[in-house]
Amino acid sequence: MFQEDGSSSVTSSSPLQVFSTMSLSPSLASPYPWLKELKSEERGLYLIHLLLTCGNHVASGNLENANFALEQISQLASPDGDTMQRIAAYFNEALADRILKSWPGLHKALNSTKISLVSEEIMVQRLFFEMFPFLKMAYVLTNQAVIEAMEGEKMVHIIDLNAVESAQWIALLQALSARPEGPPHLRITGIHQQKEVLDQMAHRLTEEAEKLDIPFQFNPIVSKLENLDFGKLRVKTGEALGISSVLQLHTLLGSDEELLRKNSLSASKNPNHMQRVLKSPNQGTLGELLDKDNRYSPSPDSTSSSPLSPNASVKIDNFLHSLWGLSPKIMVVAEQDSNHNGSTLMERLLEALYTYAALFDCLESTVSRNSLERIKVEKFLFGEEIKNIIASEGAERKERHEKLEKWIQRLDMSGFGNVPLSYYGMLQAKRLLQGYSCDSYKMKEENGSVVVCWQDRPLFSVSAWRCMK
325 MFQEDGSSSV TSSSPLQVFS TMSLSPSLAS PYPWLKELKS EERGLYLIHL LLTCGNHVAS
385 GNLENANFAL EQISQLASPD GDTMQRIAAY FNEALADRIL KSWPGLHKAL NSTKISLVSE
445 EIMVQRLFFE MFPFLKMAYV LTNQAVIEAM EGEKMVHIID LNAVESAQWI ALLQALSARP
505 EGPPHLRITG IHQQKEVLDQ MAHRLTEEAE KLDIPFQFNP IVSKLENLDF GKLRVKTGEA
565 LGISSVLQLH TLLGSDEELL RKNSLSASKN PNHMQRVLKS PNQGTLGELL DKDNRYSPSP
625 DSTSSSPLSP NASVKIDNFL HSLWGLSPKI MVVAEQDSNH NGSTLMERLL EALYTYAALF
685 DCLESTVSRN SLERIKVEKF LFGEEIKNII ASEGAERKER HEKLEKWIQR LDMSGFGNVP
745 LSYYGMLQAK RLLQGYSCDS YKMKEENGSV VVCWQDRPLF SVSAWRCMK
């Protein structure tokens, strides 16, 4: 329970005022009886206090206090409760997983029988595609940018860096078949680490191309993006090249030398921050709690405070340089518009709480709490992303989401020039967004690119680029 200065009593009629002026102590028993009677908003605020406190204990290596906080959170969190209970359940699991990794043998033993099924991955990605507008908007904007860039071209080659969704390219085939000058010869190179996924896409696209009488080839490459052999792309002279990257480039931001690890495992550079958060009274919701506490500043050596750290970006720089060498007429990049690539645990914890609060709120507003499909997306997609952001370091940490402004800097430095998305493309995307029954989804233009928001919280960005020679 929270307690300040060793005092055994606090005179206050409000539970929020009680725990906002206390600090965790593992010597005390289970939560006060009134905790079970908290209203949803009050319980949510208490869970935020617990998560931030627990994160600070984990970062500083205080495992006894961290364990006590985890136990407290477990009593209030629930994967099928309200929004904050669900979020807390997955952040709690992620913090616990980070602690377990301190004992590699124990962690490996507990996860040794875990099976990752391809069919399950495909199913969860399909549910995300259906429940949210983000991927649909990325595909609409990508296809329109490709159509405009390839006008008049007779041989078109598209490289899909994450070939999972056939619907995107079926729509492109249909649009190209309606060109006044007739369809081009189209070749799509699909990259994915699962052969089964590529086989399914090849079958569907070939079938559609035959139906539309479009000359078509599909070139499958079974590979992780980081191990891609660019020679296998078989880019030919005379063909116009387009590249589609949907939620992929951030996975290449990891440092080969794990330069960030020492900061994440060391104590927070700003130890007084957590006490300021915990002692701030009169705060209601998660967003208000985090927004009001704008005094948090990353440590001086944080990669998020210096936009582009050369040492930590060798892999992505080399990859982008290789893409530039292919001379694409158009490249469309869709990414999560969040800052989850900070060097310290507390930076990432705070930023991730913002982002996933918005994503969970999207589902809360549009899908029943009892929906099995919703629980699957929260657990197998968002839950795994949260775990990777919080519990992993070095090459193992793939979910290194960054803001649009950083991608603009990085792509500009790699020799790409920004191509403003067209009015017609944005109009299509806006109409798609308006088709959703929730008016909290918003779209805004930023430097010729599109940022999709939940209320005022940016979540995903789409930008277009061309090779500058």
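The opening residue of the sequence shown carries number 325 in this note's numbering; numbering runs sequentially from there.
Note that beta-carbon positions come from the ideal geometry of N, C-alpha and C, so glycine has one too.
In this structure, the straight-line span from the alpha carbon of L683 to that of W778 is close to 8 Å. Here P504 is not near I538, since their CB atoms are 8 Å or more apart. Sequence-distant Cβ neighbours of I471 in its own chain, meaning closer than 6 Å and more than five residues away, are A499. Counting the other CB atoms within 10 Å of its CB gives Y414 a total of 16 or more, which places it among the buried residues. By the CB criterion at 8 Å, G566 and P544 fall outside the cutoff. DSSP places Q758 within a helical segment (H, G or I) once states are collapsed to three. DSSP places K722 in the coil class of the three-state scheme, outside both helix and strand. A straight-line Cα-Cα distance of about 38 Å links F392 and L728. Within 10 angstroms of the beta-carbon of H516 lie 16 or more other beta-carbons, which makes it buried. Between the stretch 441-453 and the stretch 637-649, the count of C-beta pairs closer than 8 Å stays below three; the two stretches do not touch. Inter-residue distance for E550 and L576 is about 7 Å (C-alpha atoms, whole angstroms). A direct Cα-Cα distance of roughly 8 Å separates W493 from N467. Cα atoms of M792 and F740: separation of roughly 5 Å, rounded to the nearest angstrom. Scanning the stretch 490-554 from its first residue to its last, the whole alpha helix (DSSP H) runs of 4-plus residues come out as 490-501, 519-536. For D484, the uninterrupted beta strand (DSSP E) run begins and ends at 479-484, by DSSP. Per DSSP, E709 lies in no beta strand (DSSP E); the unbroken alpha helix (DSSP H) holding it starts and ends at 708-715. In the three-state reduction of the DSSP assignment, Q733 falls in the helix class. Separation of G666 and R693 (C-alpha to C-alpha, rounded to the nearest whole angstrom) is 32 Å. Scanning E709, A788, L677, A658 for the CA closest to the CA of V448 turns up E709. Under a 10 Å Cβ-count criterion, K711 is classified as buried, with 16 or more other Cβ atoms of the shown protein chains found around its own Cβ.
For E659, the beta-bridge partners assigned by DSSP are S785. The three-state secondary structure of F740, taken from DSSP, is strand. With respect to the C-alpha of L465, the residue from S764, G759, L751, G649 having the closest C-alpha is L751. Contact check for L644 and R734: beta-carbon distance about 7 Å, within the 8 Å limit, so the pair qualifies. Per DSSP, S773 is not a residue of any alpha helix (DSSP H); the beta strand (DSSP E) it occupies stretches across 773-778. Boundaries for E769: no alpha helix (DSSP H) harbours it, while the beta strand (DSSP E) harbouring it runs 765-770, taken from the DSSP string. Non-local beta-carbon contacts of A753 in its own chain, meaning distances under 7 Å to residues more than five positions away in sequence, involve M461, V464, L465, M767, V774 in chain order. The alpha carbon of G772 has as its nearest neighbour, out of P782, H725, V786, the alpha carbon of V786. One thing to note: V701 has its Cβ within 8 Å of the Cβ of L451. Here DSSP, grouped into helix, strand and coil, assigns R790 to strand.
The shortest C-alpha to C-alpha distance from D780 to any of E489, A681, A401 is the one to A681.
When the alpha-carbon of S651 is set against those of N389, E563, T377, the nearest one is in E563.
If you check the CB distance, H725 and S662 come in under 8 Å. Counting only residues of its own chain and dropping the five nearest sequence neighbours on each side, L529 has a CB closer than 8 Å to the CB of S490, W493, I494, L497, I512, F540, F542. By the Cβ neighbour-count rule, L430 is exposed, with fewer than 16 other Cβ atoms within 10 Å of its own.
Closest in C-alpha terms to K425, from the list A383, G405, E697, N486, comes A383.
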